[in-house]
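One structure is given below, encoded as C-alpha cells.
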Amino acid sequence: MTTTATTSTEPIRLPNFLASNLRILRKAAGWSQSELAQRLNLNRGNIASYESGLAEPSICKTLRISKLFAVDPRDIIRRDFSDQEELTLAKIAFAQRKEEKRDRIASHQQRADELAGLIKSSRMLFDYKSEKITSPCADAEILAAHYQQLSELTNQLLDNHAALLSELGCQCD
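Using our numbering, read the sequence shown as starting at -6 and increasing by one per residue.
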C-alpha cells in the first residue's frame, strides 16, 4: 500500500481588512473621502478605490495612513476594526510602541551625553598633562599626535551620533 503526499501550490491567503478598516477609521474621524484624501495628499478617487478594495495603497501611502490614524500598518491590514475592541487594542499597541521608541531614543541620548562628558574630561586631562611636560621625548610626541587624531575622530563620531539620534527622534512625532 502506497501513500502519496499532496502538496498545495496555492499560497496561504491571509486576511486583509485594509478596505473596510480604512472606511471605519475615516468615518470614526468624521471625515469624507475628500477630506481624508486631502490629509494624505491623495485624491478622492484613490480613497474610494482603497475602500472598495479595487486598489491597495503603496507601502508609503499605507505608512502615511497608519501615522494619520495612529495605528500600526500591520494592524490596519490584519485586524478587523469592525470589532471596536480590536481597534482599541491596535491604538493602545501603537501608542505603547511609540512611547517605547521615545524611551529608547532618550536612553541613547542620555548615554551619548555621558560619553561626551567623559571624552571632554579625557581631553581636558590630556591638555593639562601636556602643558606640564616641559621636554617630551619623541615617543610622547608621537603618542600625543595619535591622541589628537583619535580625539578629533571621536568628536566627529559624537556629532554624527547626535545627528542620528535627532533624526530618529523626529520620526516619533
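Think of the CB as a built atom: it goes at the ideal place given N, C-alpha and C, for glycine as much as any other residue. Since the structure is predicted, the reported quantities are computational estimates derived from the model, not experimental observations.
Under the three-state reduction of DSSP, D65 is assigned to coil, being neither helix nor strand. Taking the Cα positions, G162 is about 34 Å away from A41. Per the coordinates, the alpha-carbon of S100 lies some 11 Å from the alpha-carbon of E107.
E78 and S114 have their alpha carbons spaced roughly 54 Å apart. Closest in C-alpha terms to R19, from the list F62, N36 and L47, comes F62. Distance check between A137 and each of K122, L151, L150 and N148 places K122 closest, using alpha-carbon atoms only. It is roughly 35 Å from the alpha-carbon of L82 to the alpha-carbon of H154.
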